[in-house]
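Numbering-wise (the numbering used here), the sequence shown opens with residue 2 and increments by one.
The structure appears right after this line, and notes come after that.
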Amino acid sequence: ARIADDIPDAELFGDDSGEALIVGWGGTFGALRAATKHLRARGMKVSHMHIEHLFPLPKNVGPALKRFDVVVCAELNMGQLKRLLRDQFLVDVQGLNKAQGQPFKVSEIVERMARGMAKHKAEEASR
């Protein structure tokens, strides 16, 4: 059997499609899940996908990425997963990176996502 067939789907918290998807892996889970809850409480259509298996990626990752207007990959590094997702699935994944050896704060994720979503909506309105 192929290994990919035995990899469980990546967990998706929130809606299956919408305005924005925050993708993370590893130690980003807690901050990303809490930030997603805060953003959803503000009425924003944000979901969170947590990836536990990086190679091979779960089969539901690619189709999920394509169902969102904005995809942000939050990583505590220089954006290796973002590049992998862009290369493999041809989706414009944006990076939210922090490589200072400190974990994400929920407030910084909420602020950057809210700002990014406002910018995206403004760009969409001007088209």
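No residue lacks a Cβ here, since even glycine has one placed at the ideal position from N, Cα and C.
For residue i, three-class secondary structure by DSSP
i	result
Glu-20	strand
Glu-53	coil
Leu-97	strand
Gly-15	coil
Element boundaries [alpha helix (DSSP H), containing residue i]
i	result
Phe-90	81-90
Ala-32	30-42
Leu-58	That residue, Leu-58, is in no alpha helix (DSSP H); it is neither H nor E in DSSP.
Asp-6	4-7
Where the beta strand (DSSP E) containing residue i begins and where it ends
i	result
Phe-105	Per DSSP, Phe-105 belongs to no beta strand (DSSP E) and is neither H nor E.
Ala-75	69-76
Integer-rounded CB distance, given that residue j should sit under 8 Å from residue i
i	j	result
Asp-16	Lys-46	6 Å
Lys-130	Cys-74	Since the displayed the chain opens at 2 and closes at 128, residue 130 lies outside it and no answer follows.
Ala-32	Val-94	No, Ala-32 and Val-94 are not in contact; Cβ-Cβ is about 18 Å, not under 8 Å.
Val-111	Leu-55	About 26 Å separates the two Cβ atoms, so there is no contact after all.
Any C-beta of chain B under 7 Å from that of residue i
i	result
Trp-26	Within the model displayed, chain B is absent; a lone protein chain is all it includes.
Beta-carbon proximity list for residue i, same chain, < 8 Å, skipping 5 on both sides
i	result
Gln-89	Leu-58, Gly-63
Thr-37	Phe-14, Gly-15, Ile-23, Val-47, Ser-48, His-49
Rounded straight-line distance, which links the Cα of residue j to that of residue i
i	j	result
Gly-28	Arg-128	38 Å
Met-79	Phe-105	14 Å
Lys-99	Leu-77	5 Å
Arg-113	Ala-11	24 Å
Leu-97	Leu-85	14 Å
Ala-115	Gly-25	17 Å
Glu-20	Val-72	9 Å
Ala-126	Arg-3	45 Å
Close Cβ partners of residue i (< 7 Å) along its chain, the five nearest in sequence each way excluded
i	result
Arg-34	Phe-14, His-49
Spatial neighbours of residue i in its chain, beta-carbon cut-off 6 Å, leaving aside the 5 residues before and after
i	result
Arg-87	Val-94
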